[in-house]
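Before any comments, here is the structure.
There are 2 protein chains.
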Amino acid sequence: MTKRVTLADLADQTGLNISTVSRALSRPDRVSNETRRLVEKVASQLGYETNVAARNLSRGTTDTILVLASSFSGQAISPIFTGILLGVCEEAKALGLNVMLRQYLAQPISASDVIRYLQAGVADSVLLVATEQWLPAADRGPDQEMLPIVSIFNDLTTAGLTSVMTQEGDGYVAIVDHLVERGHRHFAFVSGPAGSGHEHTRYNAVKNRLSTLGLGKKLIRLEGGPFDMASGTKAAQAFLALKKRPTAVICCSDGLALGFMHTILGSGLRVPEDVAIAGYDGMDYTAFTSPALTTVIQPTLEIGRVAVQVLADIHNGRITTPRLVALAPTFVVRQST
Amino acid sequence: MTKRVTLADLADQTGLNISTVSRALSRPDRVSNETRRLVEKVASQLGYETNVAARNLSRGTTDTILVLASSFSGQAISPIFTGILLGVCEEAKALGLNVMLRQYLAQPISASDVIRYLQAGVADSVLLVATEQWLPAADRGPDQEMLPIVSIFNDLTTAGLTSVMTQEGDGYVAIVDHLVERGHRHFAFVSGPAGSGHEHTRYNAVKNRLSTLGLGKKLIRLEGGPFDMASGTKAAQAFLALKKRPTAVICCSDGLALGFMHTILGSGLRVPEDVAIAGYDGMDYTAFTSPALTTVIQPTLEIGRVAVQVLADIHNGRITTPRLVALAPTFVVRQST
DNA sequence: CTGTTAGCGCATTCAA
DNA sequence: TTGAATGCGCTAACAG
Numbered sequence: 033m034t035k036r037v038t039l040a041d042l043a044d045q046t047g048l049n050i051s052t053v054s055r056a057l058s059r060p061d062r063v064s065n066e067t068r069r070l071v072e073k074v075a076s077q078l079g080y081e082t083n084v085a086a087r088n089l090s091r092g093t094t095d096t097i098l099v100l101a102s103s104f105s106g107q108a109i110s111p112i113f114t115g116i117l118l119g120v121c122e123e124a125k126a127l128g129l130n131v132m133l134r135q136y137l138a139q140p141i142s143a144s145d146v147i148r149y150l151q152a153g154v155a156d157s158v159l160l161v162a163t164e165q166w167l168p169a170a171d172r173g174p175d176q177e178m179l180p181i182v183s184i185f186n187d188l189t190t191a192g193l194t195s196v197m198t199q200e201g202d203g204y205v206a207i208v209d210h211l212v213e214r215g216h217r218h219f220a221f222v223s224g225p226a227g228s229g230h231e232h233t234r235y236n237a238v239k240n241r242l243s244t245l246g247l248g249k250k251l252i253r254l255e256g257g258p259f260d261m262a263s264g265t266k267a268a269q270a271f272l273a274l275k276k277r278p279t280a281v282i283c284c285s286d287g288l289a290l291g292f293m294h295t296i297l298g299s300g301l302r303v304p305e306d307v308a309i310a311g312y313d314g315m316d317y318t319a320f321t322s323p324a325l326t327t328v329i330q331p332t333l334e335i336g337r338v339a340v341q342v343l344a345d346i347h348n349g350r351i352t353t354p355r356l357v358a359l360a361p362t363f364v365v366r367q368s369t
Numbered sequence: 033m034t035k036r037v038t039l040a041d042l043a044d045q046t047g048l049n050i051s052t053v054s055r056a057l058s059r060p061d062r063v064s065n066e067t068r069r070l071v072e073k074v075a076s077q078l079g080y081e082t083n084v085a086a087r088n089l090s091r092g093t094t095d096t097i098l099v100l101a102s103s104f105s106g107q108a109i110s111p112i113f114t115g116i117l118l119g120v121c122e123e124a125k126a127l128g129l130n131v132m133l134r135q136y137l138a139q140p141i142s143a144s145d146v147i148r149y150l151q152a153g154v155a156d157s158v159l160l161v162a163t164e165q166w167l168p169a170a171d172r173g174p175d176q177e178m179l180p181i182v183s184i185f186n187d188l189t190t191a192g193l194t195s196v197m198t199q200e201g202d203g204y205v206a207i208v209d210h211l212v213e214r215g216h217r218h219f220a221f222v223s224g225p226a227g228s229g230h231e232h233t234r235y236n237a238v239k240n241r242l243s244t245l246g247l248g249k250k251l252i253r254l255e256g257g258p259f260d261m262a263s264g265t266k267a268a269q270a271f272l273a274l275k276k277r278p279t280a281v282i283c284c285s286d287g288l289a290l291g292f293m294h295t296i297l298g299s300g301l302r303v304p305e306d307v308a309i310a311g312y313d314g315m316d317y318t319a320f321t322s323p324a325l326t327t328v329i330q331p332t333l334e335i336g337r338v339a340v341q342v343l344a345d346i347h348n349g350r351i352t353t354p355r356l357v358a359l360a361p362t363f364v365v366r367q368s369t
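From first to last, the protein sequence lines are chains A and B.
Note that the first sequence covers residues 33 to 369 in this note's numbering.
Note that the second sequence covers residues 33 to 369 in this note's numbering.
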């Protein structure tokens with residue numbers, strides 16, 4: 033890497049002052065056309081690249097977003113994570129921002145951790161992905177200054193964080209309506225991890241919709257556990273042991289649905305003839321299982337993009353108060369129902 | 033975020049000099065126990081966090097790894113990417129390094145791009161994930177200084193880059209042997225994207241193994257395309273149109289295998305009775321499809337970890353010449369064969 | 001529109 | 001072991 037080319041070198045070469053060169057590069061409009069062109073020419077000639085550490089130190093900002101992924105290893109979020117991350121990266125690139133990634137496995141993330149990062153100048157803003165637990169900073173008084181932090185996938189508005197996620201209720205309402213229309217009257221809900229906010233929201237959506245339709249008592253709940261496939265098989269075994277089995281099974285995730293269906297099919301039952309199964313998330317594979325899974329597609333890419341936009345809005349003061357941004361999911365009917 | 037606490041503040045509070053405070057924090061052993069303890073106490077009291085921009089500028093390093101993901105959106109690498117990224121993050125955390133992420137969709141990455149990042153001080157080293165094309169810097173003479181760049185998943189040693197990947201041949205040899213042992217004598221290989229290095233390597237591994245077993249002429253090739261499921265269905269249609277169909281199908285990825293199997297099952301053929309199908313990659317879902325897919329599991333997490341270790345080794349001069357690090361995959365037999 | 005002057009916060013010489 | 005001084009490379013006031 034030969035040696036480092038600095039503004040001073042460009043100043044020497046062009047005969048201009050360092051500050052002029054700096055301006056020509058960062059604020060081309062505040063400089064004469066002539067010097068701008070000269071500087072640009074010499075800069076590319078010498079292969080000048082502005083040193084980010086120096087820029088950051090001088091400006092006091094970093095132009096980077098820190099992504100804190102909670103259960104990024106757990107099967108829970110992992111498959112969805114890719115889409116979100118892609119959206120985040122794309123939007124960040126569009127806005128000229130960097131993306132820094134850090135994982136927090138199974139540990140709760142506390143506000144003070146995040147504030148520490150912010151303070152250290154690691155990043156200007158933080159994206160919390162799939163963070164169930166958020167411990168607000170105890171020592172922060174009511175100084176209403178809003179932190180540049182956005183939660184993805186979990187509604188943390190009550191903790192003062194703007195959140196971006198899918199309108200989950202809508203998806204489950206669509207599933208219920210579809211199954212009822214297909215003639216189903218007995219339902220099972222395969223639950224996600226106990227205590228999960230998603231779990232809670234989703235189960236309630238199903239429950240409430242069924243109640244509205246006068247079928248509130250026709251729903252049982254099967255314990256799944258984590259959002260993964262193995263938990264789905266466990267729930268399926270419980271299902272098979274039932275004396276009177278529901279005809280329609282609504283799962284808290286595609287992973288659960290796949291594991292569930294695998295076991296059901298293995299037992300000799302037919303899907304959807306004997307049991308209709310619906311998933312949730314919209315994983316790629318759902319369209320290619322046999323039978324293909326009915327599911328609800330989450331707009332992961334869009335969620336990632338929007339989260340970054342929201343962060344930018346907070347950063348430049350266009351958003352000053354916590355809010356919930358909920359995007360619409362897409363319901364797709366396939367062979368499993 | 034109240035205001036920024038700096039070394040100067042600690043110096044004031046402790047009555048020590050800034051440089052002493054700095055030393056106490058970064059080189060505790062070069063300072064008396066007394067001052068060390070004093071500084072630590074006051075630092076935590078005031079909530080001091082060292083400013084990374086300043087440290088980076090002063091030291092001339094960044095302690096961060098830049099991850100450049102190539103086709104990270106394409107279905108190709110995406111599912112595997114999660115595992116790798118997790119491994120990278122874990123190891124990076126263990127070594128006290130940051131991870132910065134950037135995507136390069138469908139664009140070839142050139143050495144000069146990477147060198148630019150390095151020069152700008154965005155990162156100290158670079159991890160290329162799934163980079164098929166690598167254009168060496170034309171202007172770099174034979175200055176044998178090795179760049180802190182590692183390629184993951186693609187063997188770029190010929191271009192002078194140390195590479196970390198799976199020993200792909202082994203996996204396909206295992207598949208072939210298994211199928212032959214099961215009595216199969218006619219094979220099809222569902223290919224990945226044309227021109228892909230993986231595609232080439234994998235097909236050859238199959239071809240060569242069959243030749244060794246005297247079955248070299250019993251292999252046909254079905255064009256798949258990208259590593260995704262849709263391409264698998266396309267290949268399956270071609271397969272179904274064949275007059276004389278092979279009894280065993282070896283796919284270039286799990287996605288292809290899933291799409292292929294979906295279509296095959298939909299046509300009324302049975303798996304594995306009529307057609308045996310094997311995938312490659314070890315995606316989670318393969319264990320829960322019906323029938324479950326025989327496949328080869330890539331040690332993605334391990335690959336990520338090792339790549340970071342290798343980067344560290346290059347960085348501190350323990351590795352000075354390009355090499356290929358190939359990890360062993362795991363073959364798993366399931367219902368589809 | 002351009003040059004001068006000061007820092008940004010820290011690490012690291014060199015003396016003491 | 002500690003203190004004083006210098007510089008990392010760039011940006012941003014402030015004059016001119």
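We put the CB at the ideal spot given by N, CA and C, even for glycine.
Through-space distance from residue j to residue i, alpha-carbon basis
i              : j              : result
residue 283(B) : residue 211(B) : 13 angstroms
residue 273(A) : residue 296(A) : 11 angstroms
residue 200(A) : residue 88(A)  : 40 angstroms
residue 343(B) : residue 204(A) : 46 angstroms
residue 164(A) : residue 228(A) : 7 angstroms
residue 169(A) : residue 305(A) : 53 angstroms
residue 50(B)  : residue 44(B)  : 8 angstroms
residue 33(B)  : residue 193(A) : Only weak support is given to the placement of residue 33(B): the predicted model assigns it a pLDDT of 48, under 50, and the value that follows is read from those uncertain coordinates. Approximately 15 angstroms, taken between the alpha carbons.
residue 197(A) : residue 217(B) : 51 angstroms
residue 188(B) : residue 317(A) : 31 angstroms
residue 364(B) : residue 166(B) : 33 angstroms
residue 148(A) : residue 84(B)  : 12 angstroms
residue 95(A)  : residue 328(B) : 41 angstroms
Within-9 angstroms CB hit, residue i to chain A
i              : result
residue 312(B) : no
residue 365(B) : no
residue 297(B) : yes
residue 142(B) : no
residue 135(B) : yes
residue 259(B) : no
residue 132(B) : yes
residue 5(B)   : This structure gives no information on residue 5(B), because the portion of chain B shown stretches from 33 to 369.
residue 94(B)  : yes
residue 324(B) : yes
residue 81(B)  : yes
Residue span of the alpha helix (DSSP H) that contains residue i, given as start and end
i              : result
residue 90(B)  : 84-91
residue 148(A) : 143-152
residue 327(B) : Not the alpha helix (DSSP H): residue 327(B) falls in the beta strand (DSSP E), residues 327-329.
residue 362(A) : First-last for residue 362(A): 362-364, but that is the beta strand (DSSP E), not the alpha helix (DSSP H).
residue 45(A)  : 39-46
Cβ of residue i within 9 angstroms of any chain B Cβ
i              : result
residue 339(A) : no
residue 121(A) : yes
residue 58(A)  : no
residue 294(A) : yes
residue 104(A) : Residue confidence for residue 104(A) is low, a pLDDT of 47 falling below 50, so the modelled location carries little weight and cannot support an answer.
residue 151(A) : yes
residue 125(A) : yes
residue 320(A) : yes
Span of the beta strand (DSSP E), counted from its first residue to its last, around residue i
i              : result
residue 64(B)  : Careful: residue 64(B) lies outside any beta strand (DSSP E) and carries neither H nor E.
residue 221(B) : 219-222
residue 208(B) : Not the beta strand (DSSP E): residue 208(B) falls in the alpha helix (DSSP H), residues 200-213.
residue 183(B) : 181-184
residue 97(A)  : 96-101
residue 339(A) : Unbroken run through residue 339(A) is the alpha helix (DSSP H), 332-347; no beta strand (DSSP E).
Can you give, in chain order, each stretch of the alpha helix (DSSP H) that sits fully within the region 225-279 of chain B and has at least 4 residues?
-> Here the runs fully enclosed are 229-244, 261-272.
Contact the region 219-232 of chain B vs the region 244-261 of chain B: 3+ CB pairs below 8 angstroms = The count of Cβ pairs closer than 8 angstroms, one atom from the region 219-232 of chain B and one from the region 244-261 of chain B, reaches three, so the stretches are in contact.
Is the region 119-137 of chain A in contact with the region 138-147 of chain B, if contact means three or more CB pairs nearer than 8 angstroms?
-> Note that the region 119-137 of chain A does not touch the region 138-147 of chain B; fewer than 3 beta-carbon pairs, one per stretch, sit closer than 8 angstroms.
Indicate whether the contact test is met: 3 or more Cβ pairs, each with one atom in the region 64-81 of chain A and one in the region 66-77 of chain B, closer than 8 angstroms.
-> Touching, no, given that fewer than three Cβ pairs across the two stretches are closer than 8 angstroms.
Touching by the beta-carbon criterion (3+ pairs, under 8 angstroms), the region 328-336 of chain B and the region 111-120 of chain B | Yes, since at least three Cβ pairs between the region 328-336 of chain B and the region 111-120 of chain B fall closer than 8 angstroms, the two stretches touch.
Do the region 286-295 of chain A and the region 344-354 of chain A touch if we need at least three Cβ pairs shorter than 8 angstroms?
-> Judged by pairs of C-beta atoms under 8 angstroms, the region 286-295 of chain A does not touch the region 344-354 of chain A, as fewer than three such pairs exist.
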